[in-house]
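J.:
Protein chains in written order, with the numbering used here: chain V, 23 to 297; chain Y, 22 to 305.
See below:
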């Protein structure tokens, strides 16, 4: 057996191992969860601590938490990315400081964000255990990811556009809005998508901020249980909740897949239009 | 309008039709429009240009020749302050444009760049339609009426001989044009701002010989109405189109202006032996 065949075999084995873990996980979830998935599961409230009933309030809470997180972090993230990429000289102290802080923030465990959110949003700002607190905590958590991805997208926009626009006497902000942001749009969409994915899968940061209450929320100041928290609670704290936990996990994976697919196809379309 | 019909009548069989752009009188009385005095430029600690002094004459074509890396492009970038955008770039010396200090810190740089346009080596059409490419900078400078914009778009496209080729597909993406068409579109986009000076950084070097010839003809037509400063590695081209020529060479690791004068003199009776060797193709 030649070295090449051996190497190919090892690489293939690695690929099969990685794929099989995912397939195993998915099969397990489908086997336990699929029988529970039905129309009523999506529209009914959960009963008996989640052992029976559906996940309608959970889905609504999750959507609201994600909405708060994205609405607050997207403008802030985009503005910071623009500042770093277009209005900061490369190698400046300010730029280095902001980037380093973001990299450190990106490495902070999510449970620490949860504790920070609890201390700052729930207690100090008096928002209590609420969807608003949870969403804002998630916003803080995804900001580094959002900013660095968007910044890279902007920096990948051709420098020729900046020079040509400047040579035509156009202001930097005009070049930004008419040329650079459209050119970076696929990357910005991808950044937003990554942020939604990260936020949607988060559990630890929400346990201390948006709480456990599985009722349908009346307002953003109500506590609301996110899907991931629901799955965690059912599988860890509720005996006999495994089937519903699997079904909920299946829903979460399905949602993330749908968001991913939509965003990817959007980014693809945009690229075709611009080139 | 009458001018346009005349031009069309004059060249019925031409592959491209040049618009009402009329060559002005040859510059027999040299009148300096840009005066460069003792200009030096550094990138960080590295010198790129050392003590360059020359005058750019109004309505003439000035060609800058010399080997790569001798600061010709840096020189052009000083003239429209594009050097402002390069970090660590230091400029010293004096540059006067129309008797105003071009390097004055309070000078309106955007207005200056409208007066002194620039064409790059590689055509840079924006990822927009042909029409929007020309309209975007015009709108930025406050021209908003559709009728004015349409008239200006048609006029500059005719000026660069592109109108007949694209008039039916103005909404098509500009990046779908051929290289030569893209470069002419970029020239049209610069002309739309009615500049006094056009700086051209090897505008033909990325084009095939036929497209290059079309752009060269166009540059010839700009003489008189516009002041053109062109960097070129094509000595034959410089000889054909330039009224004045400047020869740059690297001395002590910085670009220097070795000789400047009327193009005929530089190419036929150069004073400096380096110039003679370069224009005869012995060096460089």
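C-beta: ideal position from N, C-alpha, C; glycine also.
Could you run through the stretch 184-195 of chain V and flag, in chain order, every residue whose CB is less than 9 angstroms away from some CB of chain Y?
T.: If the cut-off is 9 angstroms between Cβ atoms, the stretch 184-195 of chain V has 184, 185, 186, 187, 188, 189, 190, 191, 192, 193 near chain Y.
J.: Any idea which residues DSSP pairs residue 236 of chain V with across the strands?
T.: Along the first chain, one-based indexing puts residue 236 of chain V at 214. BP columns for residue 236 of chain V are empty, so no partner.
J.: As a quick exercise: from V/191, V/218, V/200, pick the residue whose alpha carbon is nearest that of residue 284 of chain V.
T.: What you label residue 284 of chain V is simply residue 262 of the first chain in a count that begins at 1. Selected option, being the one with the closest Cα: V/218.
J.: Name the two residues that bound the continuous beta strand (DSSP E) containing residue 200 of chain Y.
T.: Here the question's residue 200 of chain Y lines up with position 179 in the second chain. From DSSP, residue 200 of chain Y is part of no beta strand (DSSP E) but of the alpha helix (DSSP H) over 200-212.
J.: Could you work out which residues of chain Y lie near residue 111 of chain V, taking near to mean beta carbons separated by less than 8 angstroms?
T.: Looking up residue 111 of chain V in the first chain gives position 89. What residue 111 of chain V touches in chain Y: 108.
J.: Please tell me whether residue 67 of chain V and residue 76 of chain V are closer than 8 angstroms, where the distance is taken between their beta carbons.
T.: One-based indexing of the first chain puts residue 67 of chain V at position 45. One-based indexing of the first chain puts residue 76 of chain V at position 54. Yes, these two residues count as a Cβ contact at 8 angstroms.
J.: Does residue 288 of chain Y have its Cβ less than 8 angstroms from a Cβ in chain V?
T.: Reading the second chain from its first residue, position 267 is the one you call residue 288 of chain Y. No, its Cβ sits nowhere closer than 8 angstroms to a Cβ of chain V.
J.: Along the stretch 209-223 of chain Y, what residues have a CB closer than 8 angstroms to any CB found in chain V?
T.: Of all residues in the stretch 209-223 of chain Y, 210, 211, 214 have a Cβ within less than 8 angstroms of some Cβ in chain V.
J.: Could you name each continuous alpha helix (DSSP H) segment of 4 residues or more that falls completely within the stretch 239-291 of chain Y, going from the start of the chain to the end?
T.: Runs of the alpha helix (DSSP H) inside the stretch 239-291 of chain Y: 256-262, 284-289.
J.: Using the beta-carbon count (16 or more within 10 Å), is residue 45 of chain V buried or exposed?
T.: Residue 45 of chain V sits at position 23 when you count from the first residue of the first chain. So residue 45 of chain V counts as exposed.
J.: Starting from residue 111 of chain Y, follow its DSSP beta bridges and name the residues at the other end.
T.: For the purposes of this step, residue 111 of chain Y is taken as residue 90 along the second chain, with counting starting at 1. Per DSSP, Y/63.
J.: Taking just the CA atoms, how far does residue 262 of chain V sit from residue 51 of chain V?
T.: Translated into positions along the first chain, residue 51 of chain V becomes position 29. Translated into positions along the first chain, residue 262 of chain V becomes position 240. Going from the Cα of residue 51 of chain V to the Cα of residue 262 of chain V covers about 15 angstroms.
J.: If I'm right that residue 148 of chain Y touches residue 205 of chain V with Cβ under 8 angstroms, what's the distance once you round it to whole angstroms?
T.: The sequence position of residue 148 of chain Y within the second chain is 127, counting from 1. The sequence position of residue 205 of chain V within the first chain is 183, counting from 1. Rounded, the Cβ-Cβ distance is 6 angstroms, consistent with contact.
J.: Spatial neighbours of residue 54 of chain Y within its chain, please: CB distance less than 6 angstroms, with the 5 preceding and 5 following residues excluded, ordered by chain position.
T.: Here residue 54 of chain Y is taken as the residue at index 33 of the second chain, counted from 1. Excluding residues within five positions, the ones whose Cβ falls inside 6 angstroms are 77, 79, 248.
J.: Do residue 150 of chain Y and residue 113 of chain Y have their beta-carbon atoms positioned less than 8 angstroms apart in this structure?
T.: In the second chain, the residue the question calls residue 113 of chain Y occupies position 92. In the second chain, the residue the question calls residue 150 of chain Y occupies position 129. The answer is no: Cβ separation not under 8 angstroms.
J.: Below 7 angstroms on C-beta distance, what does residue 162 of chain Y contact in chain V?
T.: Numbered from 1 along the second chain, position 141 holds the residue referred to as residue 162 of chain Y. Going along chain V in sequence order, the residues near residue 162 of chain Y (Cβ under 7 angstroms) are 191.
J.: What's the call for residue 232 of chain V, buried or exposed, on a 16-neighbour Cβ count within 10 Å?
T.: One-based indexing of the first chain puts residue 232 of chain V at position 210. Classification of residue 232 of chain V: buried, given that the 10 Å Cβ count is 16 or more.
J.: Within the same chain, show all residues whose beta-carbon is closer than 6 angstroms to that of residue 117 of chain Y, passing over the 5 residues directly before and after it, in chain order.
T.: To locate residue 117 of chain Y, count along the second chain from 1; it is residue 96. Answer for residue 117 of chain Y: 56, listed in chain order.
J.: Checking contacts by CB at 8 angstroms: is residue 201 of chain V closer than that to chain Y?
T.: To locate residue 201 of chain V, count along the first chain from 1; it is residue 179. Closer than 8 angstroms: yes.
J.: Expressed to the nearest angstrom, what Euclidean distance is found between the alpha-carbon atoms of residue 238 of chain V and residue 82 of chain V?
T.: Sequence index remark: in the first chain, residue 238 of chain V carries index 216 (1-based). Sequence index remark: in the first chain, residue 82 of chain V carries index 60 (1-based). Those two C-alpha atoms are separated by around 7 angstroms.
J.: Residue 147 of chain Y versus chain V: which residues are under 7 angstroms apart at the beta carbon?
T.: As a first step, residue 147 of chain Y is located in the second chain; it is residue number 126 there, counting from the start. Per Cβ cutoff of 7 angstroms: 183, 201.
J.: Below 8 angstroms between beta carbons: does that hold for residue 170 of chain V and residue 105 of chain V?
T.: On the first chain, position 148 is the one that residue 170 of chain V refers to. On the first chain, position 83 is the one that residue 105 of chain V refers to. In this structure, residue 105 of chain V does not lie closer than 8 angstroms to residue 170 of chain V by Cβ.
J.: Does the CB of residue 178 of chain V have a neighbour CB from chain Y at under 8 angstroms?
T.: Position 156 of the first chain, counted from the first residue, corresponds to residue 178 of chain V. Not closer than 8 angstroms to any Cβ of chain Y, the Cβ of residue 178 of chain V fails to qualify, so no.
J.: How would you write the range of the alpha helix (DSSP H) that residue 38 of chain V sits in, first residue to last?
T.: Residue numbering aside, residue 38 of chain V sits at position 16 when the first chain is read from its first letter. Segment 25-55, the alpha helix (DSSP H) holding residue 38 of chain V.
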